[in-house]
Each structure stands twice: as C-alpha cells, then as structure tokens.
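Structure record follows, encoded as structure tokens.
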Amino acid sequence: MLSLIEARPTLLKISDALSLRFQKIGNGPPLLLLHTIRTQLEYFRSLAPLLAKSHTVYTIDLPGHGHSPIDPSASFDEPYFRQAVIRFIEELNLSALTLIGESIGGALALTVAAALPQRVKRVYAINPYDYETRYGDGIRRGNRLANFIIGSLQIPVLGAVNAALENKMILGKIMGGGYHDPRKLPADLLAEFDEVAHRPGYKLVARKVLAGWRSWRKARDEYRLISAPVTLIYGDSDWSRPNERERTRSLIPAAQMVTLKNTGHFSAVESPLELARVILATE
C-alpha cells in the first residue's frame, strides 16, 4: 500500500486567490483529514495509511499552512478556513464523506458538516479548538514558555519580533506542551514544521489565525445544525477542560464522546493506532 509520505502532493487551484495542496491515498469511501494550527498534511503521516486500508483518504494543507499558497489579504479566521474546505469538497464533488479533524481541524469538521449536510456522512472531531476565552488560549495552557511566547504575539512590534525569532527549539517546546509525553513529537516532523515556518508570510498567517480567536469560539453556534452522526474524541491530557468538552457535546445532537488515555492535544501523532481503532470501530 502506498504510504502518505510516498504519495505525490497535488496543488488544486480553486480560484485566483485560493489553492490547496493535497494528497490522496487508499481506496474506498471518501474521508477527509483536517490538521491542527501550525501543521500540515504530513501531520497525519501515521494515521492516514491506517485509514487508507478501507477508505480513500484525502489530506490537505489548510490555506496558508504547509505548502498551500498564502493570500496575504485573507482573514484566516474560522469562516475563511470553513469556506476553503467547502470549496475543496465541492471542487472534487465528494459525497457520503467522513470528516476527521484535530484542533482547529476538529472545529472545522463540525462547521463544515453543519454547512454541507447533503455531502457529509459522519464526523470525528478530535480535541476541537472551540473554547477560546483569550488570544491563543488553548496553546497557552501547554506550559509557561507557550503562555509567554504566544501571549506576546498579540502585542504590536514585540509580537512581530518574537515571531521572527522563533526557531525549531522554541517551536518544539511550544508544541511539546500539547503532548502527554513530549518525547513523542518526532524530530523529523518538527524539522518539517520549522522549515515551512520560514516561508515568506507564514508567521504573519500564524498571528492572523491567533488574532481570529473569537471566531473559533463562535464556531460553536453552528453545531446545532449538524445532522450527521458525530464522535468527539479527546485526549485525557488535552488543553480543553472537562466542562468545555461537555459543553461542546451538549451542543451537538446525539454526539458521542470518547477519551484517549495518555494522550494530549496532538493525538494523531501521539496515539495514531488508538485513534484509528476508535474511528474504524464506528465507521
């Protein structure tokens, strides 16, 4: 079976202002994976091949992430990302689709499902990032360094300086705050995230995503419109709190909730086998 790393990435031009890099592997019913903030389709390099044994798996670089082109005029808030994913699904004419997303990808899986009830068959929202009460709230819960660095990015001038000074070590420490066991962040994957972060305009995109924090909280307003079956999956060491998880569950008609043991916010990297088991058991 062709692995995610071996599959050729393709750039899909959706409009003059929007193109998305994506990969497609496997055979069977369609399944779309949506990654976290500051990552890209390689984030799913361990999970995607497991799901591709029984599904046609699509992975994308969200706008401005990974190697997808950057539109400097874009807002990079939740509605912008939502519309980009919707356009991708419509461009490829995907139907009876399973959506799986983690973090902001989890919130997007839910809002896209609300917008496309005729196309989405099932949703798995993993550690959905829908609980923001301040700038960068979720990420800032990881550790003291994350709280300091991410919090500073909202400050004019200082934010731009700190963003420019970010390096692989700092990125690793910040991302490590999202793992139950930080040693499970692969060095080569971190190196890829760091290399991409040096693309012109990339760090401005990251700050724009964080600046749109209210839009991720507001995304919860769409959940009541979801008609597809939903499984919420949380790592027991996720940034979200028990009351926030229960609030999200209560907003979604007949949603089920599963908790992964010894797992943080980045479950697709930290616990891909257990995550695949949960997904395939109910697919």
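Start counting the sequence shown at 1059; every next residue gets the next number (this note's numbering). Even for Gly, the Cβ is constructed at its ideal location relative to N, Cα and C.
Alpha-carbon spacing of Val1267 relative to Ser1133, whole angstroms: Between Val1267 and Ser1133, the alpha-carbon positions lie close to 8 Å from each other.
Would you tell me roughly how many angstroms separate the C-alpha atoms of Leu1108 and Leu1331, rounded to the nearest one? 8 Å
Please go through the same chain and pick out, in chain order, the residues whose beta-carbon is closer than 7 Å to the beta-carbon of Thr1340, but skip the five residues on each side of it. Thr1289
Buried or exposed (CB count within 10 angstroms, at least 16 for buried), Pro1088: buried
Quick one: which unbroken alpha helix (DSSP H) runs of 4-plus residues sit fully inside the stretch 1180-1267? Chain order, please. Fully enclosed alpha helix (DSSP H) runs of 4 or longer: 1195-1198, 1202-1210, 1216-1223, 1226-1234, 1245-1254.
Residues in its own chain within less than 8 Å of Gly1234 by CB, not counting five upstream and five downstream? Answer for Gly1234: Gly1200, Asn1201, Pro1240, Leu1243, listed in chain order.
Return helix, strand or coil for Gly1293, following the three-state DSSP convention. In the three-state reduction of the DSSP assignment, Gly1293 falls in the strand class.
Report the three-state DSSP secondary structure of Glu1160 (helix, strand or coil). In the structure shown, Glu1160 sits in a strand (DSSP, three-state: E or B).
For Pro1107, which three-state DSSP category applies? helix
Measuring straight from C-alpha to C-alpha, what distance separates Leu1060 and Gly1084? Here the model assigns Leu1060 a pLDDT of 45, short of 50, so the residue's position is not dependable, and the following value carries that caveat. If you take the alpha carbons of Leu1060 and Gly1084, they lie about 7 Å apart.
I'd like to check one pair, Gly1217 with Gly1194: are the Cβ atoms closer than 8 Å? no
Please give the ranges of any beta strand (DSSP E) in the stretch 1113-1142, keeping only runs that are unbroken, at least 3 residues long and fully inside the region. 1114-1118
Considering Cα atoms alone, identify which of Leu1248, Leu1150, Asp1135 is closest to Pro1121. Asp1135
Write down every uninterrupted run of the beta strand (DSSP E) in the stretch 1278-1326 whose length is 3 residues or greater and which is fully enclosed by it, in chain order. 1288-1293, 1314-1318
Three or more C-beta pairs under 8 Å: does that hold for the stretch 1264-1279 against the stretch 1148-1160? Taking 8 Å as the limit for Cβ pairs, the verdict is that the stretch 1148-1160 does not touch the stretch 1264-1279.
Any idea if Phe1206 is buried or exposed, counting beta-carbon neighbours within 10 angstroms, 16 or more meaning buried? Flag for Phe1206 reads exposed.
Neighbour-count burial assignment, Glu1190, 16 or more Cβ in a 10 Å radius: With 16 or more other Cβ atoms from the protein chains shown falling within 10 Å of its own Cβ, Glu1190 counts as buried.
Do Ile1284 and Val1143 have their C-beta atoms within less than 8 Å of each other? no
Please say whether Ala1173 and Ala1183 have beta carbons closer to each other than 8 Å? no
Just reading off the alpha helix (DSSP H) that Arg1272 is part of, what are its end residues? 1271-1276
Cβ neighbour criterion (16 or more within 10 Å) applied to Ile1063: Note that Ile1063 has pLDDT 46, beneath the 50 cutoff, so the model's placement of it is unreliable and the number below is only indicative. Counting Cβ neighbours within 10 Å, Ile1063 comes out exposed, since fewer than 16 surround it.
Cβ-based burial, Lys1261 [other Cβ within 10 Å; buried from 16]: buried
Among the candidates Leu1090, Leu1069, Ile1147, whose CA atom is the shortest distance from the CA of His1125? Leu1069
8 Å contact criterion, which Ala1286 and Ala1171 should meet: CB distance rounded: 5 Å
Check each candidate in Thr1321, Val1316, Gly1322 and name the one with the smallest Cα separation from Val1336. Val1316
For Arg1079, the residue or residues it bridges with in DSSP: Leu1069
Tell me, to the nearest whole angstrom, how far the beta carbon of Leu1076 is from that of Asp1119; I am working on the premise that it is less than 8 Å. Contact between Leu1076 and Asp1119 does not hold, since the beta-carbon distance rounds to 12 Å and is not under 8 Å.
Short Cβ contact (8 Å threshold) for Thr1114 with Phe1080: no
When the Cα atoms are used, what is the spatial distance from Thr1321 to Met1227? In this structure, the straight-line span from the alpha carbon of Thr1321 to that of Met1227 is close to 22 Å.
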